Amino acid sequence: MELRVLRYFLMVVQEKNISKAADRLHVSQPTVSRQLKELETELGTVLFARGNRTIQLTPDGDYFANQAKQILSLTDKTLTNIHQEQDISGSVFVGSAETRSMLTVAQAIGHLNQEHPHVQINLVSTDANETYQQLSSGVFDFGVVMEPTDKTDYNFLRLPGESRWGLLVQSRSPLAQQATVSLEDVAQTKLILPQQGGSRRIHDLFGLEWDDLTVTATYNLLYNASLLVSAGVGNALGLDGIINTNQSDLAFVPLAPRASSGSSLIWLKGQRLSVAAQALLEQIRAELTPTEN
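Under our numbering, residue 277 is the last one in the sequence shown; the count climbs by one each step, no gaps.
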């Protein structure tokens, strides 16, 4: 019986709905359902009386829920006491795309710094290609990459939140007066496109063919692309929330139909993490695990 499964179980108890519990746990509904079924099989009893919309605890389930809370409470207390006796230090390198989901990582870094002030986190803003190379060479401990991406050789955690795609344009552009831009608008303008994924990603995300577009430049950091937009080189296809357009000569116009991308924290399979890197990973996991009131 794993502690992770107990946390899944207690979240379902709290939400009384597997789908809602899965959302809060940032895992899929089938994963939670499978873990609960395996837990009932292991215990040899039925824990939930499943209804049409909500599920209720059976008498055995109610007893087990109380015991599980005590088990996790003791576990958390034990881990806290162990960590208090450790003076973790070292450097951790994280390669990151420009994404709002970095807020979760930033919060984890802040909390880790309070507990272990001698751990230094080094953030490197870069694209996915460089992140994969540096992870493979051992320079980066972790990477934050935009989805969709190939994670075959990597462990990963999905980070919460998604960013919407759109065009970064000059505020005096006719496109800036529109509430949204269409794929036809994109195809008819001079474009500054992200390097990551190249033509394949443009096709997978938007159904557009790179060769049919007027591409004037490419970029790996949207800030640099914003300078090209200001200079009149073209309009940059990118994600919302990266560039602050307030009191600037730029405007962000979202795509319609809506297109958005999430991100994941990745690290190389089979590579042993340093104590400092492992501490950061556990803190990020803690940020992703909802706490009970």
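Where is the CB? At the ideal position from N, CA and C, for every residue including glycine.
Given the structure is predicted, the values throughout are model-derived calculations rather than measurements.
Buried or exposed (CB count within 10 angstroms, at least 16 for buried), residue i
i      : result
Ser73  : exposed
Arg256 : exposed
Arg185 : buried
Ala33  : exposed
Gly79  : buried
Gln161 : exposed
Glu168 : exposed
Leu249 : buried
Val165 : buried
Thr273 : exposed
Cα-Cα separation between residue i and residue j, rounded to whole angstroms
i      : j      : result
Leu223 : Ala92  : 23 Å
His100 : Ser75  : 12 Å
Pro14  : Lys21  : 10 Å
Thr110 : Asn208 : 12 Å
Arg271 : Leu107 : Correcting the residue type first, residue 271 is Glu in the shown sequence and not Arg. If I take the Cα positions, the gap works out to 18 Å.
Glu309 : Arg84  : Outside the modelled stretch of the chain, which goes from -15 to 277, sits residue 309, for which no answer is possible.
Asp71  : Val259 : 10 Å
Gly127 : Thr133 : 12 Å
Val199 : Arg242 : 22 Å
Asp46  : Ile55  : 14 Å
Leu264 : Leu96  : 7 Å
Leu192 : Lys174 : 14 Å
Assigned secondary structure, residue i (DSSP; H/G/I helix, E/B strand, else coil)
i       : result
Val76   : strand
Ser244  : strand
Gly191  : coil
Leu175  : strand
Leu31   : coil
Val165  : strand
Gln(-2) : helix
Gln19   : helix
Glu276  : Here Glu276 scores only 44 on pLDDT, less than 50, and its place in the model should not be relied on; the value that follows carries that caveat. Glu276 falls in the coil class under three-state DSSP.
Gln180  : coil
CB of residue i within 8 Å of CB of residue j, strictly
i      : j       : result
Val213 : Leu239  : no
Thr202 : Gln179  : yes
Val123 : Asn219  : no
Asn1   : Thr38   : yes
Ala59  : Leu177  : In the sequence as presented, Ala is not what sits at residue 59; that position holds Thr. Their beta carbons are not under 8 Å apart, which means Thr59 does not touch Leu177 by this criterion.
Asp137 : Lys253  : yes
Ser245 : Met86   : no
Leu205 : Trp149  : no
Arg8   : Glu(-1) : yes
Leu159 : Val237  : yes
Counting only runs that start and end within the region 89 to 161, where is the alpha helix (DSSP H) found for 4 or more residues in a row?
112 to 121
At 4 residues or longer, what runs of the alpha helix (DSSP H) sit wholly inside the region 191 to 266?
206 to 214
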